[in-house]
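S.K.: Handing you this structure, nothing more for now.
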Amino acid sequence: MLSSRTRLILATALLAPILLYWGADRAPTEAAAPELTPGSADTDYYLRDATIRQFDARGQLHQELRSPQLEHYPQPGELRARTPDIVLFRNDSRGEVLISAQQGRMQDSDEQVRLNGAVRVQSSSDKGASSTPLRLETEALTLMPSEQFIETDTAVTLFSQGGETRANGMKAYLNSRQVELLSDVEGRYETK
17 MLSSRTRLIL ATALLAPILL YWGADRAPTE AAAPELTPGS ADTDYYLRDA
67 TIRQFDARGQ LHQELRSPQL EHYPQPGELR ARTPDIVLFR NDSRGEVLIS
117 AQQGRMQDSD EQVRLNGAVR VQSSSDKGAS STPLRLETEA LTLMPSEQFI
167 ETDTAVTLFS QGGETRANGM KAYLNSRQVE LLSDVEGRYE TK
């Protein structure tokens, strides 16, 4: 008859290879995160379902960025947004400007935002004013948020009540509602 100590050693010797084989078969399914190397174009952080608000010096809401996914790339120093929606709040409670696109790139300095793919700009009319809201569509647009200025060198279509205007290239000052069409301007208006 085997002593209890001998039985314990024998059981351990028999079970150890089985448990080791079973444990090796069940390796972790999640791989270790890759190491980010300085100077690479890899993202250093990302946000999902993000809303970023920026306030001016008086504490008033100046702009808001919403996106289902934001990725920050340290090397070019930019934030890339998928289907961004940007809201610019104009001075003196004069409404807001809504800008949407398929893609957006914002410099870390926040000086300019480049928007690409089905870019739409819609401004609400001034409160108490009878002016028509600005609405335009283009494929690419550069926004300078601090100046509330937008420009494009691509084809642009401006929509107004009763007509539309097409041009190649545009500069627009959102606070003063001034739009400069650069070339090949063509308009179509319906009269009543």
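Start counting the sequence shown at 17; every next residue gets the next number (the working numbering).
Cβ coordinates follow ideal geometry from the N, Cα and C atoms, glycine included.
Using the C-alpha atoms, what's the distance from leucine 174 back to arginine 136?
M.R.: 10 Å
S.K.: So what's proline 33 in DSSP terms, helix, strand or just coil?
M.R.: helix
S.K.: Using 9 Å as the threshold, is the C-beta distance between glutamine 79 and proline 161 below it?
M.R.: yes
S.K.: Which residue or residues does DSSP assign as beta-bridge partners of leucine 131?
M.R.: The partner list for leucine 131 (beta bridge, DSSP) reads Gly120, Leu157.
S.K.: Report the three-state DSSP secondary structure of arginine 23 (helix, strand or coil).
M.R.: Three-state result, arginine 23: helix.
S.K.: Taking a contact to mean a Cβ-Cβ separation below 9 Å, would you say glycine 179 touches arginine 204 in this structure?
M.R.: Yes.
S.K.: Assign threonine 154 to one of two classes, buried (16 or more other C-beta atoms within 10 Å of its C-beta) or exposed (fewer than that).
M.R.: Around the beta carbon of threonine 154, a 10 Å sphere encloses 16 or more other beta carbons of the protein chains shown; the residue is thus reported as buried.
S.K.: Spatial neighbours of leucine 114 within its chain, please: C-beta separation below 6 Å, excluding the five flanking residues on both sides.
M.R.: Closer than 6 Å at Cβ, skipping near neighbours: Val103, Gln138.
S.K.: Can you list, in chain order, the residues of its chain whose CB lies under 8 Å from that of phenylalanine 165, leaving out five sequence neighbours each side?
M.R.: Leu159, Lys187, Ala188, Tyr189, Leu190
S.K.: Does the Cβ of threonine 168 have 16 or more other Cβ atoms within 10 Å, making it buried, or fewer, making it exposed?
M.R.: Counting the other CB atoms within 10 Å of its CB gives threonine 168 a total of 16 or more, which places it among the buried residues.
S.K.: Using a threshold of 9 Å, state whether the C-beta atoms of serine 83 and aspartate 101 are closer than that.
M.R.: yes
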